[in-house]
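First residue of the sequence shown? That's 1 in UniProt numbering, and the numbers climb one at a time after it.
Here's the structure, in structure tokens; my notes come after.
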Amino acid sequence: MACLLCHKPMPFDVSKAPPLPPPGLACGSKMDALLGDLEKVCPRHKCVVFSQFSEVLDLVLAQLTLRGVRCVQLRSGNQVELRREFETQDDVRVLLLPLKKYNHGLNLVEATHVFLVEPSLQPALHAQAMARVKRLDQTEPTFVHRFDVGIHIHDMSTKKGRGGNKKRGGQRADAYDSEEGSCNESVASNDTSDSTRSKTSRVSEDTTQEDLLERYLEELTEKRFDGIYNNVLQIARRPSEDEGRIIPRIFGIVGLMLGPHSDEYFAKVESVLEPLVKSNVQSDIVRAQALEGLGVVCFTCSTGDEENAQNIMGLCDPFFNNSATPVLAKLALETWGCLASTLDSTYLIEEGFLDTHLTLFLELTNNADVDVRSAAGENLALLFEAMHQNHIDNYEGAGDIASKLLELSKESSKKFSKKDRKEQHSVFRDVYNTVANQEPPNVSFGLENETLRFHDWGSIMQYNAIKECLQSGMLEHLKFNNHVRQLFDLPHTAEVYSRVEKRATKSKTSGSRKQQSAFLKDERKRRQGEKNTFLEGGGHDGDY
Numbered sequence: 001m002a003c004l005l006c007h008k009p010m011p012f013d014v015s016k017a018p019p020l021p022p023p024g025l026a027c028g029s030k031m032d033a034l035l036g037d038l039e040k041v042c043p044r045h046k047c048v049v050f051s052q053f054s055e056v057l058d059l060v061l062a063q064l065t066l067r068g069v070r071c072v073q074l075r076s077g078n079q080v081e082l083r084r085e086f087e088t089q090d091d092v093r094v095l096l097l098p099l100k101k102y103n104h105g106l107n108l109v110e111a112t113h114v115f116l117v118e119p120s121l122q123p124a125l126h127a128q129a130m131a132r133v134k135r136l137d138q139t140e141p142t143f144v145h146r147f148d149v150g151i152h153i154h155d156m157s158t159k160k161g162r163g164g165n166k167k168r169g170g171q172r173a174d175a176y177d178s179e180e181g182s183c184n185e186s187v188a189s190n191d192t193s194d195s196t197r198s199k200t201s202r203v204s205e206d207t208t209q210e211d212l213l214e215r216y217l218e219e220l221t222e223k224r225f226d227g228i229y230n231n232v233l234q235i236a237r238r239p240s241e242d243e244g245r246i247i248p249r250i251f252g253i254v255g256l257m258l259g260p261h262s263d264e265y266f267a268k269v270e271s272v273l274e275p276l277v278k279s280n281v282q283s284d285i286v287r288a289q290a291l292e293g294l295g296v297v298c299f300t301c302s303t304g305d306e307e308n309a310q311n312i313m314g315l316c317d318p319f320f321n322n323s324a325t326p327v328l329a330k331l332a333l334e335t336w337g338c339l340a341s342t343l344d345s346t347y348l349i350e351e352g353f354l355d356t357h358l359t360l361f362l363e364l365t366n367n368a369d370v371d372v373r374s375a376a377g378e379n380l381a382l383l384f385e386a387m388h389q390n391h392i393d394n395y396e397g398a399g400d401i402a403s404k405l406l407e408l409s410k411e412s413s414k415k416f417s418k419k420d421r422k423e424q425h426s427v428f429r430d431v432y433n434t435v436a437n438q439e440p441p442n443v444s445f446g447l448e449n450e451t452l453r454f455h456d457w458g459s460i461m462q463y464n465a466i467k468e469c470l471q472s473g474m475l476e477h478l479k480f481n482n483h484v485r486q487l488f489d490l491p492h493t494a495e496v497y498s499r500v501e502k503r504a505t506k507s508k509t510s511g512s513r514k515q516q517s518a519f520l521k522d523e524r525k526r527r528q529g530e531k532n533t534f535l536e537g538g539g540h541d542g543d544y
């Protein structure tokens, strides 16, 4: 029988439970790398190994037993006792699991390292397997080790399963090439420092972001802040493309939960995100998200220190040109406007500062992207609002700027879609009224029993920046996060429901809602009965 991994002849048949192989038996480059990594990690951390082949798990079990590492392998049937043995006994260091059978339904927070022996054509299987270890109550950093062999069927399955990006010249590039080492047929990649680097990632950021966005959990930041922060901070130092998009938002959301006077938190976040913004190696979307996250954390946590806001506004300035990508220019404009609204208006109208930024923003109103044009127009309105507050009503170029804004508020060019023209008209009408007529904006948003009203551009830009960060979680935080409510002058709320309480009181299937529905149904029947009785004339002839 040949080895499933390296196809070398094997002196025994693993499918028939043979005696243990001799310690010196060569198992192939990938198996040697896997066993070597397990031996290094096991003394300090518990590990879970996933494979699609039971024969491979049998071989790993045999080799680890020879090396004195105690492990447990789950097979078909009831394996509760074996799993409990892994959870409770410190000397059991490795759990071996079939990928397709045990990639769901388990909570294995005792482990911190996941080993994926083979690539899969279904990335969701690997994602589910990783999630067995990285759960909501996991407090330690979680590491994932993948073992891929180049110039092999593994290479093709990895590219097909993950998808790749076409490079020039027709070559196909895996989205993970920047993080994974490549190797020849007989050399496996692994996660050790003295060998070819394999993809080692943490899977905390997706779960953490979902928890922070879908519900406001005050106890999450109080009890688990250190664990969340340390996990995300370690990833943020060398993030992948996907991690770089998520991590700044997590920093921003946690900052909104911590609230003002969290200068130490801001300093740590700044030390991580500022290099990402300045890096020319990172993609534009990662740099844009890092800039947005840094701005939100500065706005919410670094209170009373205008120098921090000015420094981050300086990071935005290089992206105020039409050659920058739309996402980078848009988020830079929104971040700049949010932080500028926190500064004293006298700083914004300093001659050199004012002239420079009015020129930059006016040029950006010619950008091809409607979001960039709108953000630039709002920043123009913010600067003119600062001038009006300081009684500067005769700015030299105000007439030309007002003419340009009036033209944009009536844009009818067919090169833009009808939806974009409608959005542009709405924004630039208000911007023009502020610049030309000194009229403040009047914007309102309705909540369940409250209404948010904004009558200045600074508040609008702060709201937009926080909304960009929270996205689908904005309504939840406006209801229950008192730090966010304080930013918009809403009264503090003590009404914080857990998910169970919400289900029990507000869900359509809850007992209280069913009781209310039954009462309303009875009322409708009663009124309908009275109406029918009246129409039939029963018992009412003597009254007329």
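Where a beta carbon is used, it is the ideal one built from N, C-alpha and C, also for glycine.
Work out the CA separation of residue j and residue i for me, nearest whole Å.
i	j	result
Ala188	Gln73	Confidence is the limiting factor: at Ala188 the pLDDT is only 35, short of 50, which leaves the residue's position unreliable and the question unanswerable from this model.
Lys268	Val277	15 angstroms
Gln389	Ile349	10 angstroms
Met31	Val60	8 angstroms
Lys525	Ser510	23 angstroms
Arg245	Gly252	12 angstroms
Leu291	Leu315	8 angstroms
Leu475	Arg421	28 angstroms
Asn364	Pro326	In the sequence as presented, Asn is not what sits at residue 364; that position holds Leu. Each residue's Cα considered, the two are about 11 angstroms apart.
Leu64	Arg83	18 angstroms
Ser204	Arg237	A caution first: Ser204 carries a pLDDT of 45, below 50, which makes its placement in the model unreliable, though a value can still be read off. Those two C-alpha atoms are separated by around 15 angstroms.
Thr196	Thr142	For Thr196, the predicted structure reports a pLDDT of 33, less than 50, and the residue's modelled location is therefore unreliable. A value from the coordinates is still provided. About 21 angstroms.
Gln289	Pro9	52 angstroms
Arg513	Ala127	37 angstroms
Ser44	Arg146	At residue 44 the sequence reads Arg, which differs from the Ser that was named. Approximately 19 angstroms, taken between the alpha carbons.
Leu535	Arg527	12 angstroms
Glu530	Gly537	11 angstroms
Lys479	Glu468	17 angstroms
Asp393	Ser517	60 angstroms
Pro21	Leu66	With a pLDDT of only 48 at Pro21, under the threshold of 50, the placement of this residue in the model should not be trusted, and no figure is reported.
Leu343	Val254	23 angstroms
Gly337	Phe384	13 angstroms
Can you tell me where the beta strand (DSSP E) with residue i in it begins and where it stops?
i	result
Gly446	443-446
Cys42	From DSSP, Cys42 is part of no beta strand (DSSP E); its letter is neither H nor E.
Phe143	143-146
His113	111-116
Would residue i pass as a contact of residue j if the rule is Cβ separation under 8 angstroms?
i	j	result
Asn366	Asn322	yes
residue 547	Leu339	Outside the displayed span of the chain (1 to 544) sits residue 547, for which this structure offers no information.
Phe320	Ala332	yes
Val109	Val48	no
Ser302	Phe266	yes
Asp91	Arg70	yes
Phe488	Leu452	yes
Val94	Cys42	yes
His492	Val484	no
Closest to residue i by CA distance: which of the options is it?
i	options	result
Leu116	Leu520, Leu108, Asp148	Asp148
residue 549	Gly259, Ile235, Leu258	Within the shown structure, residues of the chain are numbered from 1 to 544, placing residue 549 beyond reach of any answer.
Asn481	Ala329, Pro260, Glu334	Pro260
Gln89	Leu358, Ala329, Gln424, Lys46	Lys46
Ile250	Gly458, His483, Arg70, Leu470	Leu470
Lys418	His455, Val286, Leu258, Val370	Val370
Ala386	Tyr463, Pro440, Arg373	Pro440
Thr112	Gln122, Pro123, Glu87	Glu87
Cys298	Asn311, Arg287, Ala368, Val286	Asn311
Val272	Asp355, Pro239, Arg527, Ala62	Pro239
Thr335	Ile466, Leu125, Leu106	Ile466
Ser374	Ile460, Gln282, Arg67	Ile460
Ala368	Ala402, Ala324, Ile285, Ile401	Ala324
Tyr463	Ser341, Tyr347, Gln515	Ser341
Thr359	His391, Val372, Leu343, Ile401	Ile401
Asn103	Ser262, Met130, Glu118	Met130
Following a CB-centred definition, is residue i positioned closer than 7 angstroms to any heavy atom of the ligand SAH?
i	result
Ile247	In the structure shown, the ligand SAH is absent, as is every other ligand, since no ligand is present at all.
The alpha helix (DSSP H) that contains residue i, what's its start and end?
i	result
Cys316	306-316
Arg75	First-last for Arg75: undefined, no H or E at that position.
Ala127	123-131
Ala267	263-278
Using a C-beta cutoff of 8 angstroms, does residue i count as contacting chain B?
i	result
Val60	This model lacks chain B altogether; it includes just one protein chain.
Pairing CB atoms from the region 413-422 with CB atoms from the region 378-388, are three or more of them under 8 angstroms? no
- Query: Is it true that the region 94-102 meets the region 42-58, where meeting means three or more beta-carbon pairs spaced less than 8 angstroms apart?
  - Reply: yes
Note to self: Does the region 226-243 come into contact with the region 133-143, if we say contact requires no fewer than three beta-carbon pairs (one atom in each stretch) closer than 8 angstroms?
What the structure shows: yes
> For the region 437-450 against the region 421-429, are there 3 or more C-beta pairs whose distance is under 8 angstroms?
Replying inline: no
Taking contact to mean 3 or more Cβ pairs, one atom from each stretch, closer than 8 angstroms, check whether the region 396-408 and the region 434-445 are in contact.
yes
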